[in-house]
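Here the structure comes first, spelled out in C-alpha cells, and everything after it is commentary.
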Amino acid sequence: MDKGTMSSPAAQSGFICRQCGACCRIKDGIVRVSDAEVARIAAFLGMAEQDFIDHETEIAPDRRGLILRSRPDGACVWLAEDNLCRIHPVKPEKCRTFPYEWTNADSSEICPGLQRVENVSGPP
Ligand code: SF4
C-alpha cells in the first residue's frame, strides 16, 4: 500500500512503506470496493464490470457491499509474488490510505513500516 493523506500520526512520524505486502496478507482482512472502484478496476483489467463482480469479488461478511477476494491463506488475490499490487494504479481507497487513515488494532505488529515509526517516535 502507499501514501494517502499526510495528516495522520503515521504520516507525520515519517512512515515509510517497505513494500513487504504484509498489509495485503492480513488474515481475515477485507477490502471493500465501491461501485466506482469496481468500474475503475474492471476497466483497468479490460473486463466487463459484471464479470469482475462475478469472478473477482465476494459479498462482504456483513452483507453490505462487495469485497475483493482473498486466497485461502488470507492474502489478497491481487498481491503478486514480488509483493506488489497487480492493480496498484486503481487499487481501492482502503489500500491507498493505509496506514494514514485507518489501521487495525494489530497493524503495528503486522507492518514493519509502522514498527519503525514507533521505534523512532519512542514512548509518548
Ligand atoms: S488490492 Fe492491492 S493493495 Fe489492496 S490488498 Fe490487494 S494487493 Fe494489497
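Take 65 as the starting number for the sequence shown in the working numbering and just add one per residue.
Backbone N, C-alpha and C fix where the C-beta goes; we use that ideal spot for every residue, glycine too.
Can you list, in chain order, the residues of its chain whose CB lies under 8 Å from that of V141, leaving out five sequence neighbours each side? E120, L132, R133, S134 and R135
Within a Cβ cutoff of 7 Å, which residues of the same chain sit near A112, ignoring the five residues on either side of it in sequence? A106
What did DSSP end up calling G68 once you bin it into helix, strand or coil? Residue confidence is low: G68 scores 41 on pLDDT, short of 50, so the model does not pin down where it sits. No coordinate-derived value is stated.
According to DSSP, is P188 part of a helix, a strand, or is it coil? Confidence at P188 is low in this model, with a pLDDT of 44, below 50, so the placement of that residue should be treated as unreliable; the coordinate-derived value is given next. Residue state, collapsed to three classes: coil.
Between I151 and I80, what straight-line distance do the alpha-carbon atoms span, to the nearest angstrom? 20 Å
Looking only at its own chain, which residues have a Cβ that is under 6 Å from the Cβ of G93, when we skip the five neighbours before and after it? none
Length of the line joining the Cα atoms of E145 and G78: 27 Å
Identify the continuous alpha helix (DSSP H) that holds L109 and give its terminal residues. D99 to L109
Measure the CB-CB distance between I123 and V102 and report whether it falls below 8 Å. no
Looking at the ligand SF4, does it come within less than 7 Å of V13, judged from the CB to the closest heavy atom? No statement about residue 13 is possible, as the shown extent of the chain runs from 65 to 188 and does not include it.
Kindly identify the DSSP beta-bridge partner or partners of R89. Its beta-bridge partners do not exist; DSSP assigns none.
Mapping the DSSP letters down to three states, classify L148 as helix, strand or coil. coil
Determine the extent of the beta strand (DSSP E) in which E122 is found, giving its start and end residues. T121 to I123
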